[in-house]
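Counted from 1, the sequence shown has number 123 at position 124 by my numbering; the numbering is strictly sequential. Glycine included, each C-beta is placed from N, C-alpha and C at the ideal position. Predicted model only: the values in this text are computed from it and were never measured.
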Amino acid sequence: MAREIKYYIVAANALPEIFVKVAEAKRMMQTGEADTVGAATKQVGISRSAFYKYKDAVQPFNDMKAEHIITFYCMLKDNTGVLSSVLSVFATSGANILTINQSIPTNGCAAVTISAETSGLAETLEKLMADVAAVDGVVRVEVLAG
């Protein structure tokens with residue numbers, strides 16, 4: 000009979016230091032700050048064996064309430080550079096693109112959904128949407144979720 004796994008949310012300062020260091024080593028590898036497990040574990044001050052022992056059991060909690068993730072829906076003309084121009088508007092505004100999904104164009108247009116973390120916006124959401132709508136080739140832009 001398989002043992003049921005239970006999960007708990009625990010403040011980092013209540014955890015044994017090894018768990019926090021394993022999470023930090025995993026983060027360093029994901030962001031490219033460390034190229035190997037050996038380099039990451041050396042930088043955080045733990046052994047490779049400790050890392051491998053706990054790596055699958057330790058996951059950082061991403062507080063979604065602290066972030067501002069918004070999914071935008073855009074209808075774009077199937078012209079070269081339109082999506083690139085839209086993404087440039089997001090980058091200039093300070094939004095951090097998380098996902099991009101584009102359908103295969105039909106009737107000269109493609110549906111695109113863009114999820115972005117918007118807590119770093121240098122402008123209002125309304126201004127961002129107006130700037131995207133002003134891009135040549137954008138037929139429609141709206142907020143789907145957020």
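Measuring only the C-alpha atoms, how far is residue 42 from residue 118? 30 Å
Residue 25 and residue 54 look like a contact to me (Cβ under 8 Å); what is the Cβ gap, rounded to whole Å? 6 Å
Alpha helix (DSSP H) segments (min. 4 residues) lying fully within the region 65 to 118: 81 to 92
DSSP state of residue 32, grouped into three classes? coil
Which residue from 10, 6, 44, 141 puts its Cα closest to that of residue 125? 141
Is it right to say residue 129 is buried, meaning 16 or more other beta carbons lie within 10 angstroms of its own, or is it exposed? exposed
Below 6 Å CB to CB, which residues in the same chain sit around residue 57 once its five sequence neighbours on both sides are set aside? 18, 21, 22
Please look up how many angstroms separate the CB atoms of residue 137 and residue 81, rounded, as I've assumed it's under 8 Å. 7 Å
Quick check: what's the CA-CA separation for residue 50 versus residue 93? 35 Å
Keeping to the same chain, check which residues put their C-beta closer than 8 Å to that of residue 97; ignore five residues upstream and five downstream. 68, 114, 115, 116
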